[in-house]
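What follows is one structure encoded as structure tokens, with my remarks underneath.
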Amino acid sequence: MNPPPEAESPEDILAEVIRRDEEMENALVKPLTLDEFWATVAKGGD
Numbered sequence: 003m004n005p006p007p008e009a010e011s012p013e014d015i016l017a018e019v020i021r022r023d024e025e026m027e028n029a030l031v032k033p034l035t036l037d038e039f040w041a042t043v044a045k046g047g048d
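Plus 2 on top of the position in the sequence shown (first one is 1) and you've got the working numbering.
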């Protein structure tokens with residue numbers, strides 16, 4: 003099964019993961035609390 007044409011390449015996905023990991027490691031963003039996480043899940047993301 004092939005990914006849809008609009009899917010990002012594995013390289014793009016990896017670059018995004020690395021960028022987000024660096025943001026977390028450098029405290030540029032704060033992690034969600036458990037309540038914030040579940041509130042986001044309950045409303046369907048975003």
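Here a beta-carbon is modelled for each residue, glycine too, at the ideal position from N, C-alpha and C.
Does the distance from the CB of residue i to the CB of residue j come in under 7 Å?
| i | j | result |
| --- | --- | --- |
| residue 31 | residue 25 | yes |
So the alpha helix (DSSP H) residue i belongs to, where does it begin and stop?
| i | result |
| --- | --- |
| residue 36 | 36–44 |
| residue 19 | 12–27 |
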